[in-house]
Amino acid sequence: MAETGKSILLVDDDLTLREMYAERLKAEGFVVETAKDGEEALQKATDLRPNIVLLDVMMPKINGLDVLKKMREQDGTKGIPVIVLTALIQDREKMESITRGADDYIVKSETMPGDVIAKVKAVLEKHAAGAPAAQPTPETKE
Amino acid sequence: MTIQEALLTIIVIICVFLSFISLASDKKSVRNKLFFVMSLLIALWAVATFFEEQPVSFSIKPLLVNADFSAAFLISVVFLFFTASFVEINKKFRNTIKYLLIGLAIFFVWAVISNNVVSSIENVNGASIKIFQGGLYVWYTIALIANFSLGTYALFVAFRRSSDGKRTQLKYIMFGLAVSALVAVTTNLIIPQVYSVSSFIPRLGIYSITIFLTTTTIAMTRYKLFNVKVLATELFVGILLLVILGRFLTSNTTTDFIFEGIILCASSLVSFFLIRSVRNEVFRREEIEKLAGEKTAALTELEQRNKNLRALQKISDIVLNESEMKLMTQKILDELPKQLDNCIGGFLSIVRKGELMAYALTTNHFNDKIYHAIGTDLEKYSFPIKKDFNRLHTALVTKASLDSDSLADFISPPIAKPVAMTLQKIIGAKHMEAFPLYAGGAPFGVLLFVFSASRDQIHGKNFEIAKSVADEMSLAVQRAEAFQQLKDANEYLSQLDKMKDEFISMASHELNTPLAAIEGYLSMILDEHMGGKIDAKTKEYLSRAYASSKRLAELILDLLNVSRIEQGRLKMKFVQVNLADLAESVIHELQIKADAKKIYLKVEADKGKIPLTWCDPDRIREVFVNLAGNAIKFTEKGGVTIKIAKGEGNTIVGSVTDTGRGIAKEDQKKLFQKFSQIHREVDEHQGTGLGLYISKNFVELHKGRLSVESDAGQGATFSFELPIVTEAPKQIEGAILDGPLSAPKVVAATGKEVPAIITASSKQTS
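Going line by line, the protein sequences match chains G and S. In terms of our numbering, the first sequence is numbered consecutively and its last residue is 142. In terms of our numbering, the second sequence is numbered consecutively and its last residue is 908.
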């Protein structure tokens, strides 16, 4: 599916990962914007209103969860789908709390850039179909 | 012989007689010795005074006057010593007074002998004498009166503080003293000086003194045995005998002399038997009364003990139920007025940083006033520990319990003395007892009890219980402090622990981020339409590099798990699940790998027949993943079957069977060890070598057993047996039970949520 013109905001504090994901996403035809911390992410999400946000949870200053919470509170960013990037957390309850409010999540160490593309596409597709945001919907992958 | 002569003889006899009775009744008693000396001095004084007024040679009269005045002064001094022995006086003070009095006695005896009290005498009517005052006469009189007054005051104080037998005893002594002193001072000192000559009233001092001597002797020798009947009999007989003795001594003719002598002997004999029989009867009755009294006393004592026991019980309860020091000591202090008679409250001070510090005070309406007086911030009343600062310090430093009737003794300084005295009046404190609190022989605080009753009342009933409370408090405070230390240490340890956990999760995050980059880029190169075509050789190398980084990621995860398992720090969360659901979720995760090798992967489980059990679904799922993952690795043809079934007894058995190459018997033992890889030679079978070790530990943490059945070339079956747990466990041996045990979650029970995380990734990885 061609994603030409769809904008994506990529938020990660790690430069290497940010560049890697950006490159892979650009290859798919996305217009990629990046942010290195929560503050910048919020700013850009508000200003640019991207089609989707890829959001790292563990970040200095404002962490990903706070960004997500604020985005959901603001009118302009409320409806933007968000996929959170997280380290593998064995504690399921903690995982739930992290992914609450996101459209989907990606476990960094287990997910290759190819998977990220697939997940981004899936979320966008679902969003276009009018599925409500703010609920993780992992089952749909089955 | 004149009547006066007879009386004098009788007095002297009585004095000597009494003095020896007193000494004989208790040879060791200082008080009795003093009385012995006093009686002899009185005899001497009586003789001297008597002959002053007799028509004897004028030349010996100065000698008699000196003896009279010296003896009188010595009597006053001994009297003071004697009466002071009834009152408990501070030892230091007592010694000072003792030397002062001895000095005074020596001085005035010298003054008398050197004619400074009486300068000269003059003959009056050939018998009487007139005394001319010397320079020290007035001082002599003042000192004499002062001694007697002080002595009387001492007796009065002793009388007021005493009870029962001692009280009766003192009553007699005082009665005798009052009568005789009144008579003596009036007739010997005042009247002769006022009217210059004792013309119409004779000097009666010497006779009246016998009253005091008699009552005192009775009081001392018959301590507690007072009885009106005996006394009346004795007095009656005594007077009768004295009259007869007087008649005998004054008889003029031989006939009279013999006659009176016989009467005297007969009366003495009859008197002796009379008194003896009366006394015997009284003794017997007193014996009975004494026994009855003892019984009552024993009952009272028992009652008191019961009360004390109840009080201690109450305080022990507080100590056992309250481990926080401030709260516990406060509760004990508040309990004191309720449990101890006449107790207003308690005040606890404790050594902190080398200084004694006010710590807690009973809260009641009395102490509201104290707070009002000193302000509510008790803890500012701290002071360095040095001797004699106040009595609380003394108690602490000397490790001895101390008492006083003055609150100021204990709290001044730092509280100003007038404030302390006012305070004492306001709260109605009469007596204070301070007990040092010990820990291992070293005092660390002082508990002060404040009572609204006198020392004697307190000492009878409350002293022991107060002491017990102080002991209990010592132990309690020690315990509370130890508890606090333990709590602090625990807090510190759990802080460290938390920091360690944070470090580990941080470290794993930090390790995983670059790994994700390595893997990501490798996957992008391998995904040829991203980075362009690569030749087969490069692709092979990169694939190996990719596999290695995958392995590294797994290794990091496994090592984290191993370290947690080995430290018993693995966090486990128990929920009630159906193992069949877990197995299903594993299939989803591993299906791709099986598909890639073109082998089957299936679950055989009759879900309806498998009982639910409490377990950590993440761990058990990981066991399945490890076992099935291994099975897929080592199987080239056929496939892998996961089975869940009810086992023997109350167990569930999960097993993974493959149709692979099997494991030789000799290799099976090494299987479950760390880093054991028996198929090392085959590249594609690389793993961390920790999977089975971790699986085995996970199963064992569930009190289960993991075993293997196989032989070379036969395929292998790994099976684990878990006991069915029907209730949420309270604790797990060798792991930490994490989180609240809430009701089982639907997601966990259906096992759908967990695979979703991984399935999504694993499906699309290859």
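For every residue, glycine included, the Cβ atom is placed at its ideal position computed from N, Cα and C.
Opposing strand residues paired with residue i [DSSP bridges]
i        : result
S/Phe593 : S/Cys485 and S/His573
S/Glu497 : S/Arg494 and S/Pro526
S/Ser691 : S/Ser691 pairs with nothing; no bridge assigned.
G/Gly5   : G/Gly5 pairs with nothing; no bridge assigned.
S/Met563 : BP columns for S/Met563 are empty, so no partner.
S/Asp800 : S/Val782 and S/Ala858
S/Met714 : S/Leu879
S/Lys838 : DSSP, once it has assigned bridges, lists no residue as partnering S/Lys838.
G/Gly101 : Paired residue(s): none; G/Gly101 is not in a bridge.
S/Asn604 : Bridge partners of S/Asn604: none, in fact.
S/Lys962 : For residue 962 of chain S there is no data in the structure shown, the boundaries of chain S being 143 and 908.
G/Thr34  : G/Leu10
Residues near residue i by beta carbon distance below 7 Å, same chain, minus five either side
i        : result
G/Pro113 : Met20, Tyr21 and Arg24
S/Leu383 : Ser409, Ser410 and Ser413
S/Ala885 : Here the model assigns S/Ala885 a pLDDT of 37, short of 50, so the residue's position is not dependable and the matter cannot be decided.
S/Val229 : Ala296, Val299 and Ala300
S/Ile457 : Ile474, Glu477, Val611 and Glu614
Neighbourhood of residue i by C-beta, 8 Å cutoff - its chain only, sequence neighbours within 5 removed
i        : result
S/Glu869 : Trp756
S/Ile928 : One cannot answer for residue 928 of chain S here, as it falls past the ends of chain S, which runs 143 to 908.
S/Asp510 : none
S/Phe390 : Phe399, Glu402, Gly403, Ile405 and Leu406
S/Pro882 : Confidence at S/Pro882 is low in this model, with a pLDDT of 45, below 50, so its placement is unreliable and the value that follows should be read with caution. For S/Pro882, where only same-chain residues beyond five positions count, there are no Cβ hits under 8 Å.
Element boundaries [alpha helix (DSSP H), containing residue i]
i        : result
S/Pro759 : Pro759 to Lys775
G/Val120 : Pro113 to Ala128
S/Pro204 : Lys203 to Ala226
G/Arg24  : Leu15 to Ala27
S/Gln455 : Thr396 to Asn463
S/Asn174 : Val172 to Glu194
S/Leu534 : Arg533 to Thr540
S/Thr238 : Lys233 to Ile255
S/Ser291 : Tyr279 to Arg303
6 Å CB neighbourhood of residue i in its chain, flanking five on each side removed
i        : result
S/Leu834 : Leu813 and Phe814
S/Thr471 : Leu490 and Ala502
S/Ile762 : Leu724
G/Asn51  : Lys6 and Ser7
S/Leu182 : Ser161
S/Lys735 : Ile774
8 Å Cβ cutoff met for residue i and residue j
i        : j        : result
S/Val798 : S/Val782 : yes
G/Val67  : G/Leu48  : no
S/Thr777 : S/Asp809 : no
S/Ala320 : S/Ser350 : no
S/Lys788 : S/Ile794 : yes
S/Pro871 : S/Leu864 : no
S/Tyr279 : S/Val251 : no
G/Val11  : G/Gly79  : no
S/Pro479 : S/Leu538 : no
G/Leu17  : S/Ala687 : no
S/Ala877 : S/Leu843 : yes
S/Val189 : S/Leu149 : no
S/Ile836 : S/Ile698 : no
S/Ala770 : S/Lys749 : no
Burial state of residue i (16 or more Cβ within 10 Å)
i        : result
S/Glu575 : buried
S/Gln709 : exposed
S/Ile284 : exposed
G/Met58  : buried
S/Arg494 : exposed
S/Thr358 : buried
S/Gly245 : exposed
S/Tyr314 : buried
S/Lys567 : exposed
S/Asn237 : exposed
Endpoints, the beta strand (DSSP E) within which residue i is located
i        : result
S/Gln718 : Val717 to Val719
G/Gln74  : G/Gln74 -> no beta strand (DSSP E), and no H or E assigned at all.
G/Asp56  : Ile52 to Asp56
S/Arg847 : Arg847 to Ser852
S/Gln275 : Ser270 to Gln275
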